[in-house]
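Written below as structure tokens is the structure these notes are about.
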Amino acid sequence: MAEKPSDIICDGDVCRRVTPEEAAAKKDDTTSKTEPRVFALLGASPFIGKGEAKVPLSSITGPNKVIGLYFSAHWCPPCRHFTPQLASAYTNFKESHPRAADWEIIFISRDRDQESFDDYFSGMPWLALPRTEEKIASGLSKLFDVSGIPTLVIINGETGAVITTNGREAVDNDPECALFPWVPKAFREIMEGATLVDPPDENSDANADAAAAPALERLAGKVTLLYFSASWCPPCRRFTPELVKTMKALREAGKAVEAVFLSADREEKAMKEYHSHMTWPALPFSDKARNRELNQRFDVEGIPTLVVLDEDFNIITTEGVGAVRSDPTGSHFPWRPQPMEQLSERQVDRINKGPMLLLIATTDDAEAAGTFAKQVLEPVAVATREAEGGDEWTFVWALAQDDLASRILKFAGGLELADKDYGALLLDVPSQMAWDLGKLDRQISEAGLAAVVADYKAGKLENGRKLFADDDD
1 MAEKPSDIIC DGDVCRRVTP EEAAAKKDDT TSKTEPRVFA LLGASPFIGK
51 GEAKVPLSSI TGPNKVIGLY FSAHWCPPCR HFTPQLASAY TNFKESHPRA
101 ADWEIIFISR DRDQESFDDY FSGMPWLALP RTEEKIASGL SKLFDVSGIP
151 TLVIINGETG AVITTNGREA VDNDPECALF PWVPKAFREI MEGATLVDPP
201 DENSDANADA AAAPALERLA GKVTLLYFSA SWCPPCRRFT PELVKTMKAL
251 REAGKAVEAV FLSADREEKA MKEYHSHMTW PALPFSDKAR NRELNQRFDV
301 EGIPTLVVLD EDFNIITTEG VGAVRSDPTG SHFPWRPQPM EQLSERQVDR
351 INKGPMLLLI ATTDDAEAAG TFAKQVLEPV AVATREAEGG DEWTFVWALA
401 QDDLASRILK FAGGLELADK DYGALLLDVP SQMAWDLGKL DRQISEAGLA
451 AVVADYKAGK LENGRKLFAD DDD
């Protein structure tokens, strides 16, 4: 019997040729075992040490090593405020900590000119990525979803895995570095000994203290929805009634689910009044330290935020708000992310975080469009998301008349769909670029879309449209 060629995949009764994206994914998967993506970026240029010494990445990586990536800039007042605090903690660490040799920090500059960089870096006791390596700095910002500065990302110096993206808060709260390297506690560990209180009855005094119950007992065996919200937040007040309806539907359907209100209110009376409109327990207002720890643990940057945890308290999704709005009856509960999805409010937050491949159908038949997307887009989505860096990607499909799709297309400069059944847009907001695949003469097929993704990842995709071009001076 002849041996099956290496570029052929057999699945059931069908054999087919490996797509370019599947081949790239396989290659990336093999490479990632020896070179994590963060190290591939950092290793492309030596760092600047004191006296303009050139320091290679290999000198600060290895077993037990910890690396802090410090995204900062001279022009940023909060950065200039935090940098001396970090420098003090780092210097003391190097002088007296038992693991003094294990921690190094790399300054990733957002400065606009060399003079500012030089002046700012002169007061830092650690290493720096050369300011001229803007492509590397941009890649690191995208990799760690850095949306503001100062940001201190702590990574494992052997594997490249993220330890915490909240290094700034860690140093603020622990300047002696007693908890170094600040591995975040698991949800169960954070909630050990915590209690939850039910919402006050509408006829009760909002100032009265509700009976408390052990949190972990209350949540055992259930999907948990962590609801970060506040009475002073208009978007929160609009979303809370929607969540009440969805929780009612889930409970009536017999789902094992519980929500927990984590208040960002400034006064206990306001928190209790707001809680009275909910049908689930809350972390007591007085448990501020635990509330803060949960906000940090789940990287809550804005509210409302709804984090969905499974029965073992592992994260299912942090996009609970969008999931509830797009699926108010909970038919897809517990809203596990899929490689490819129909465009909805759920993906809105992802648009600003990484590349999105959007398939547009001009038909009115959503079922037919979904079937076509499953044939041509889903295999590419699966292969891409399984490869190194795949979590950055979003793959969605929509009908052309969909309101959200129309807004995205308008934002991206439009999509030529005349006399076409399907079109596709590759949107990369962090890089401020968009590509109409029709204008690139790319086929809307599995092979065509896979080739687009492969070319994008290789930096070979040309003729894109610059977003915000009209805003340039």
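In the UniProt record's numbering, the protein residues as written are 1 to 473.
Even glycine gets a Cβ: it sits at the ideal position worked out from N, Cα and C.
Here the structure is a predicted model, which means the values were calculated and not measured.
Taking the CA atoms as reference points, R442 sits about 13 Å from E416.
Within a 10 Å sphere around the beta-carbon of R168 sit 16 or more other beta-carbons, which makes this residue buried.
Shown here for V162: same chain residues with a beta carbon closer than 6 Å to its own, the five before and five after excluded, namely I155 in chain order. Annotated three-state conformation of S72 is strand, per DSSP.
The straight-line gap separating the alpha-carbon atoms of V307 and D419 is approximately 42 Å. For W232, the closest C-alpha among the options E258, N295 and G302 is that of G302. For D172, the enclosing alpha helix (DSSP H) begins and ends at G167 to N173. The closest CA to that of L140, considering only S72, P175, F180 and A289, is found on S72. Per DSSP, V146 lies in no beta strand (DSSP E) segment and is marked neither H nor E. In this structure, F82 sits away from C177, with a CB-CB distance that is not shorter than 9 Å. The continuous alpha helix (DSSP H) containing V382 extends over residues E378 to E386. The Cβ-Cβ distance between M124 and F144 does not fall below 9 Å. In this chain, the beta strand (DSSP E) harbouring A424 covers Y422 to D428.
For P46, the closest C-alpha among the options L127, K353 and A256 is that of L127. Nearest to F187 by alpha-carbon distance, out of T165, R325 and A215, is A215. Annotation: the stretch 434–468 contains the following complete segments of the alpha helix (DSSP H) (minimum length 4 residues), in chain order: 446–457.
One thing to note: T91 has its Cβ no nearer than 9 Å to the Cβ of Q114. Burial state of L426 is buried, judged by a 10 Å Cβ sphere holding 16 or more other Cβ atoms.
The secondary-structure analysis by DSSP pairs V307 across a beta bridge with L226. In the three-state reduction of the DSSP assignment, E301 falls in the coil class, being assigned neither a helical nor a strand state.
When rounded, the separation of the alpha-carbon atoms in K353 and D391 is 10 Å.
Per the coordinates, the alpha-carbon of I360 lies some 38 Å from the alpha-carbon of A44. By the criterion of at least three beta-carbon pairs nearer than 8 Å, the stretch 430–449 is in contact with the stretch 366–377. Contact check for R346 against G322 passes: the beta carbons are separated by less than 9 Å.
It is roughly 9 Å from the alpha-carbon of P281 to the alpha-carbon of L262. The Cβ atoms of F285 and E268 lie closer than 9 Å to each other. In this structure, G148 keeps its C-beta atom at 9 Å or more from the C-beta atom of L225. For V260, the enclosing beta strand (DSSP E) begins and ends at V257 to S263. When DSSP states are grouped into helix, strand and coil, K353 belongs to the coil group.
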